[in-house]
Amino acid sequence: MAKKLWAGRFSKEVDEKVNDFNSSISFDARMYRQDIEGSIAHAGMLGETGIIDKEESRKIIEGLKGILSDIESGKLQFDPCAEDIHMFVEAELTERIGDAGKRLHTARSRNDQVALDIRMYLKHEAKEITALVKELVKTLCGIASEHLETVMPGYTHLQRAQPITFAHHLMAYAQMFLRDIGRLSDACGRMDFMPLGSGALASTTYPIDRRMVCEALGFEDITQNSLDGVSDRDFCIELSAALSILMMHLSRLSEEIILWCSWEFKFIELDDAYATGSSIMPQKKNPDIAELVRGKTGRVYGDLITLLTMMKGLPLAYNKDMQEDKEAVFDALDTAKLCVSTFIPMLKTMKVLKENMRNAAARGFINATDCADYLVKKGLAFRDAYKITGRLVAICIDNGLTLETLPLEEYKKLSHAFEGDVYDAIKLEACVNGRNVPGGPAPDAVKMQIDFVMKKLQKEEKENEA
Ligand code: ARG
-5 MAKKLWAGRF SKEVDEKVND FNSSISFDAR MYRQDIEGSI AHAGMLGETG
45 IIDKEESRKI IEGLKGILSD IESGKLQFDP CAEDIHMFVE AELTERIGDA
95 GKRLHTARSR NDQVALDIRM YLKHEAKEIT ALVKELVKTL CGIASEHLET
145 VMPGYTHLQR AQPITFAHHL MAYAQMFLRD IGRLSDACGR MDFMPLGSGA
195 LASTTYPIDR RMVCEALGFE DITQNSLDGV SDRDFCIELS AALSILMMHL
245 SRLSEEIILW CSWEFKFIEL DDAYATGSSI MPQKKNPDIA ELVRGKTGRV
295 YGDLITLLTM MKGLPLAYNK DMQEDKEAVF DALDTAKLCV STFIPMLKTM
345 KVLKENMRNA AARGFINATD CADYLVKKGL AFRDAYKITG RLVAICIDNG
395 LTLETLPLEE YKKLSHAFEG DVYDAIKLEA CVNGRNVPGG PAPDAVKMQI
445 DFVMKKLQKE EKENEA
């Protein structure tokens, strides 16, 4: 077992089981890069401010860079007996460069160190998931552009309600994911504060320069209170909440994909590479990816609840409970990334069965509102028009007809306002094209939505480059 860096006060080695229980290296090792970059900035500042000798600072930085490249090349393996990534790097440094390594932890505690590492790590990961969600939105825009005129039934209560287009339906999801991108970026903004210098809880007596470290590590600003700096985990919770909402949206789309794949709907067909078969039923083609995404949504919610519950009773400042933050927020991130990245090619390769969508739209009287609106345009009050149309629908149901096939005499029996042009007014394409208000399903209106979303993404990309 590696000798503990805090061994001084203790007369015995820690029990092996306790050591395993206490250890976090199995899951915090993934922050090695951030840990080392943070230490490099800290050591640089210690040298610049004269807290340690410049030459020693230089040696520490060289040593840390060597450790980083050896980890990345696979030459250096993590020691599972090390308590955590912070102890591992420090112990390795001292082994490599000797006494100078023992000066790295001057004016620092693992409490502010871990608060720094996790912020840096999550900032980086949030960028990655954001990029994936952007690709997802672009994918939706791409498919929507090809289906501006693909009529399908729009639903409420899962009952056919009014005609829309497949493009319009998909662009609703694009809006949701756009808001998810906004939430991820808000969460990033609030975690962009550099906590180093908070020490264990009460800062330090050394004349440190926190702003120098802040600038070296590319943070927006420094944290303002040392107790808060080490004990805040809001940013883990906020990121997990943003990821939970993202998963909720992805799960709703998954649910629709699952429905659309069923024989009852058959609106789409997934590519063979993104579906699975059954071990017993030879005819089956199952939408497992969408189902797993829907299932994994519960897991991400669980991560959020883990974090909220873990934090709710903690007195200030650091408590070891907070070590539990990592597995939860890492799992939420890993799961969301995996789901979004699998979802994109599944969407890109799915076949849209336009005919089936149109056939479904042609049944279910989804043009009944348009029939009532026709009468309103002829001067009737909407409530009267609504009642007349309701009766027409009942007649159609009794006689196995649709509003399109019901003879004009039958229409006229209920209102003289009906004329031959009613058939044009209730054509599905006319119903869709007529809804040409901003946000509506008419092809021109949806085209505007797509342009808006694509422009917004491009603008953000430009801002990020700058
Ligand atoms: N592995 C610990 C964590 O993740 C690092 C901080 C340890 N601090 C302490 N006072 N024991 O929270």
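Here the sequence shown is numbered in the working numbering, starting from -5 and rising by one per residue.
For every residue, glycine included, the Cβ atom is placed at its ideal position computed from N, Cα and C.
Since we're looking at a predicted model, the values are computed, not measured.
Short Cβ contact (9 Å threshold) for residue i with residue j
i: alanine 194; j: tyrosine 312; result: yes
i: phenylalanine 359; j: arginine 24; result: no
i: valine 440; j: methionine 165; result: yes
i: lysine 128; j: glutamate 398; result: no
i: isoleucine 251; j: methionine 340; result: yes
i: alanine 411; j: aspartate 367; result: no
i: arginine 113; j: phenylalanine 213; result: yes
i: valine 287; j: serine 256; result: no
i: lysine 290; j: leucine 247; result: no
i: alanine 109; j: valine 224; result: yes
i: leucine -1; j: leucine 40; result: no
i: alanine 35; j: isoleucine 46; result: no
i: threonine 363; j: glutamine 156; result: yes
i: isoleucine 137; j: glycine 95; result: no
i: lysine 348; j: threonine 144; result: yes
i: alanine 356; j: leucine 422; result: yes
i: leucine 327; j: lysine 132; result: no
i: glutamate 31; j: leucine 211; result: yes
i: threonine 199; j: glycine 191; result: no
Beta-carbon contacts of residue i that lie in its chain and below 7 Å, excluding the five residues immediately before and after
i: proline 435; result: Ile158, Thr159, His162, Val426, Arg429
i: isoleucine 79; result: Ile19, Asp22, Ala23, Met25, Tyr26, Asp29
i: alanine 236; result: Asp174, Arg177, Leu178, Ala181
i: leucine 130; result: Phe171, Val334, Phe337, Ile338
i: lysine 345; result: Ile262, Glu263
i: alanine 330; result: Ile123, Leu237, Leu240, Met241, Val294
i: leucine 408; result: Ile382, Arg385, Leu386
i: leucine 221; result: Leu195, Leu310, Ala311
i: leucine 126; result: Lys331, Val334, Ser335
i: threonine 43; result: Pro201, Ile202, Asp203
Between the CA atoms of residue j and residue i - distance to the nearest angstrom
i: glutamate 87; j: serine 33; result: The question names glutamate, but residue 87 is leucine in the sequence shown. Approximately 11 Å between the Cα atoms of the pair.
i: aspartate 186; j: methionine 351; result: 47 Å
i: glutamine 218; j: proline 189; result: 8 Å
i: cysteine 75; j: phenylalanine 82; result: 9 Å
i: glutamate 413; j: alanine 379; result: 14 Å
i: glutamate 89; j: phenylalanine 15; result: 26 Å
i: proline 309; j: threonine 303; result: 13 Å
i: phenylalanine 324; j: aspartate 73; result: 21 Å
i: histidine 141; j: leucine 134; result: 11 Å
i: isoleucine 102; j: glutamate 119; result: Looking at the sequence provided, one finds arginine at residue 102 rather than isoleucine. Each residue's alpha carbon lies about 25 Å from the other.
i: valine 387; j: phenylalanine 376; result: 16 Å
i: valine 463; j: serine 17; result: This structure cannot settle anything about residue 463, because the visible part of the chain is limited to -5 through 460.
i: alanine 168; j: glutamate 66; result: 37 Å
i: serine 234; j: leucine 116; result: 11 Å
i: valine 431; j: glutamine 443; result: 11 Å
i: leucine 461; j: aspartate 111; result: The question about residue 461 has no answer, for the chain in this structure spans -5 to 460.
i: lysine 449; j: lysine 456; result: 11 Å
i: methionine 482; j: lysine 314; result: Any property of residue 482 remains undetermined from this structure, which presents the chain solely from -5 to 460.
i: alanine 85; j: aspartate 445; result: 55 Å
i: glycine 148; j: methionine 275; result: 32 Å
i: glycine 60; j: glycine 68; result: 12 Å
Cβ shell of residue i (< 6 Å), same chain only, five flanking positions each side left out
i: lysine 279; result: Ala269
i: glutamine 107; result: His80
i: glycine 57; result: Leu87, Arg90, Ile91
i: aspartate 64; result: Leu70
i: lysine 406; result: Phe412
i: phenylalanine 259; result: Leu253
i: aspartate 282; result: Thr270
i: glutamate 77; result: Ser17
Own chain partners of residue i with C-beta closer than 8 Å, once the 5 adjacent residues on each side are dropped
i: leucine 395; result: Ile389
i: arginine 184; result: Asp228, Phe229, Glu232
i: glutamate 285; result: Ser248, Ile252
i: aspartate 438; result: Asn430
i: leucine 374; result: Ile382, Ser409, Ala411
i: leucine 369; result: Asp378, Ala379, Ile382, Thr383, Ser409, Ala411, Phe412
For the structure I just gave you, are there three or more beta carbon pairs, one from the segment 303 to 319 and one from the segment 256 to 273, closer than 8 Å?
No contact exists between the segment 303 to 319 and the segment 256 to 273.
Measuring CB atoms only, is the segment 197 to 208 touching the segment 290 to 310, in the sense that at least three cross pairs come out at less than 8 Å?
Remark: fewer than three beta-carbon pairs, one from each stretch, lie closer than 8 Å, so the segment 197 to 208 and the segment 290 to 310 are not flagged as touching.
With a threshold of 8 Å, are at least 3 pairs of Cβ atoms found where one atom belongs to the segment -1 to 10 and the other to the segment 33 to 51?
Segment contact: the segment -1 to 10 against the segment 33 to 51, fewer than three CB-CB distances shorter than 8 Å; contact not assigned.
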